[in-house]
Amino acid sequence: MKPKVCLIGVGMGNPATLTAEAERAIEACPVLVGAPRLLEPYQKGKNCVPLIAAADILAYIETCGESPVGVLLSGDVGFYSGAKNLWPLLEGYEVESLPGISSLAYLCTKLKTSWQDAHVASAHGRILNAAGEVQSHAKTFLLTGGKTKAQDVCRAIAEWGMDWVEISVGENLSYAEERIVTGTAAELAELEFSDLAVLLCRNPSPVFRGVSNSGIPDDAFLRGDAPMTKEEVRTISLSKLRLCAHHVLWDVGAGTGSVSVEGGLALPAGRVYAIEKKADALELLRRNKEQFGVSNLHVVPGTAPEVLDGLPAPDRVFLGGTSGDMEAILRVVFEKNPAARVVVNAITLETLAEAVRCFRTLGLSGVDVLQVAVTKTREVGRYHMMNAQNPVWIISGEGRPGE
C-alpha cells in the first residue's frame, strides 16, 4: 500500500509562520522530506531526509511503505514551489496539499502594501531581464537565488539608467536575522545580501514594451552610414521569424539594429543578441538600444561565427549580413539548437543562391523564399512620384530536431 503524501507549505522557514493546519500535518508525519534549512527545526523526534529534486523525493517515497510522508516546501505550495514538479509525479498517491505564507505576501505585509497589483518574476535558477520587468511595471516582485543575488539585480536595474527606482529587499524573512532595507537601486547595489532575499520594486513611471511596436518607421532610428533593414522588409522578416515572448533571438550582422530593436520590443520575456563587427555600426546599435529602451538587447562586438560560441542557444536567428560565412554560422546555430528557425535577407543573387544552397545542405524544413519589392511615393515639387527600392529576398526555414 502506498503512503499518504502531504505537501506542506511552511512559509518562510521559521515554525512561527506555520499555519495551524500545517503544524498538525507535520506532527502527524513520522517522516519529513525537504531542504536542510526547512528540516532543521524538526530534527528531534522525526526521521528527516534532506532531498530537494522531485525525482529524488519520489524515489524515497516509494521506499516508505505505509508511513505518511510530509514534504516541506518553502513559502506557499502554489508559488514558485517544488510542488509543481511533484504533483504529476505523485499520481496514484493520496496527496494533501497545504498552503503556506509566500515570500510575496510576507514582504508586502511587512511593508504595509498590497500585492494583488504586483507583477511577479523570478531570477532563481534562470536568466532574468530584471530591468525590463521593472521598466514596464509599477510594482514588481522579484525572487533571487542561485548565482543571482539581490545586489546583482539592483545593479542591473541601476546600470540600465533606473538608478532612482525604489526597491525594498527582504532577507532571511521570519528568522531572527531578518532584515528589510529600502532605498534606490543605486544605493542597494552597493550593499551585500544573503542568498535568502526577495525584492519589491516600485517604478512610478512604467513604460509598456510589447508586440504593438511592429513596423517602426525608418526615420525613428539613428542611421548614419550603417546598413539598415527597412520597415516593410523588417516587418515581413520578423513575421517569418514567428517570435514568441520568451525566445532568444540572434541578429547576425545587425547594422543599425532595427531588427534587434523591434525584435527586443516584441520579446518581453526573451533576449536579443545583436552581433556586429563594424565600429560605426556598433555605436549606432548602442544608441538605438538606449533610444528605444530595449533592456533585453545585448550588443555583441565581433565577427560571426567566432563570437557565437559564448552565446546562449538561439530559438530564432536573423541573418542580415554574414560576410561569406553563412554555412559556418548556420552550423553553429544548429549545433546549439537543432530546432532553431532562421530568416535570411538577401539583396544579391549570390547571397540568395548561397542561402538556398546552405538550407538544402543542412536539411532545413519548411523552406520558403519570397521576394519583396517595395515602391513608395516621394514628392517632386507639387507632384508625387513612385520611387522603387531594391528588391529583397527573404528566405526562411527551420531545423529538424531529432534527425
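The UniProt record's numbering puts the sequence shown at residues 1 to 403. Idealized CB from N, CA, C, for every residue including glycine.
Nearest CA to the CA of residue i: which residue from the options?
i, options, result
"residue 299", "260, 346, 313, 319", "260"
"residue 199", "236, 157, 175", "157"
"residue 191", "202, 252, 171", "171"
"residue 359", "323, 400, 391, 372", "400"
"residue 203", "197, 218, 185", "185"
"residue 371", "383, 365, 346", "346"
"residue 305", "314, 225, 322", "322"
"residue 233", "244, 23, 215", "215"
"residue 81", "69, 114, 125", "125"
"residue 354", "394, 292, 366, 337", "394"
"residue 404", "67, 237, 262", "This structure cannot speak to residue 404, because the chain is shown only from 1 to 403."
"residue 275", "247, 320, 236", "320"
"residue 351", "391, 365, 384", "391"
"residue 87", "8, 379, 363, 310", "8"
"residue 45", "164, 30, 51, 52", "30"
"residue 130", "159, 115, 104, 107", "159"
"residue 357", "64, 164, 235, 325", "325"
"residue 247", "183, 28, 340", "340"
"residue 11", "79, 42, 48", "79"
In the DSSP assignment, find the unbroken alpha helix (DSSP H) run with residue i in it and report its ends.
i, result
"residue 326", "326-336"
"residue 359", "349-361"
"residue 374", "No alpha helix (DSSP H) holds residue 374; DSSP gives it neither H nor E."
"residue 234", "231-241"
Locate the beta strand (DSSP E) running through residue i, then write down its first and last residues.
i, result
"residue 47", "47-50"
"residue 301", "297-301"
"residue 394", "392-398"
"residue 220", "Counting along the chain, residue 220 falls outside any beta strand (DSSP E), and DSSP gives it neither H nor E."
Tell me, to the nearest whole angstrom, how far the beta carbon of residue i is from that of residue j; I am working on the premise that it is less than 8 Å.
i, j, result
"residue 375", "residue 388", "5 Å"
"residue 296", "residue 257", "That belief does not hold up - the Cβ atoms of residue 296 and residue 257 are roughly 13 Å apart, past 8 Å."
"residue 32", "residue 13", "With a Cβ gap of about 13 Å, residue 32 and residue 13 do not count as contacting."
"residue 411", "residue 396", "Only positions 1 to 403 of the chain appear in the structure, and residue 411 is not among them; the question remains open."
"residue 123", "residue 153", "6 Å"
"residue 337", "residue 309", "That belief does not hold up - the Cβ atoms of residue 337 and residue 309 are roughly 13 Å apart, past 8 Å."
"residue 165", "residue 193", "So it is not a contact: roughly 17 Å between Cβ atoms."
"residue 70", "residue 26", "6 Å"
Say whether the stretch 286-293 touches the stretch 319-333, bearing in mind that this needs 3 or more beta-carbon pairs closer than 8 Å, one atom from each stretch. no
For the pair the stretch 245-258 and the stretch 322-329, tell me if three or more CB-CB distances fall below 8 Å. yes
Cβ contact check for the stretch 259-278 and the stretch 129-147: 3 or more pairs under 8 Å: yes
Three-pair Cβ contact test at 8 Å for the stretch 99-116 versus the stretch 57-75: yes
Please determine if the stretch 86-97 and the stretch 4-12 are in contact, where contact requires at least 3 C-beta pairs separated by less than 8 Å. yes
Is the stretch 52-64 in contact with the stretch 136-155, if contact means three or more CB pairs nearer than 8 Å? no
Which runs of the beta strand (DSSP E) fall wholly inside the stretch 158-215 and span at least 3 residues, in chain order? 166-171, 179-184, 197-202
Which whole runs of the alpha helix (DSSP H) in the stretch 243-290 are 4 residues long or more, in chain order? 258-265
Complete runs of the alpha helix (DSSP H) confined to the stretch 32-95 [at least 4 residues]: 36-39, 54-61, 83-89
So within the stretch 88-155, which uninterrupted beta strand (DSSP E) runs reach at least 3 residues, ignoring any that extend past its ends? 95-98, 119-122, 139-143
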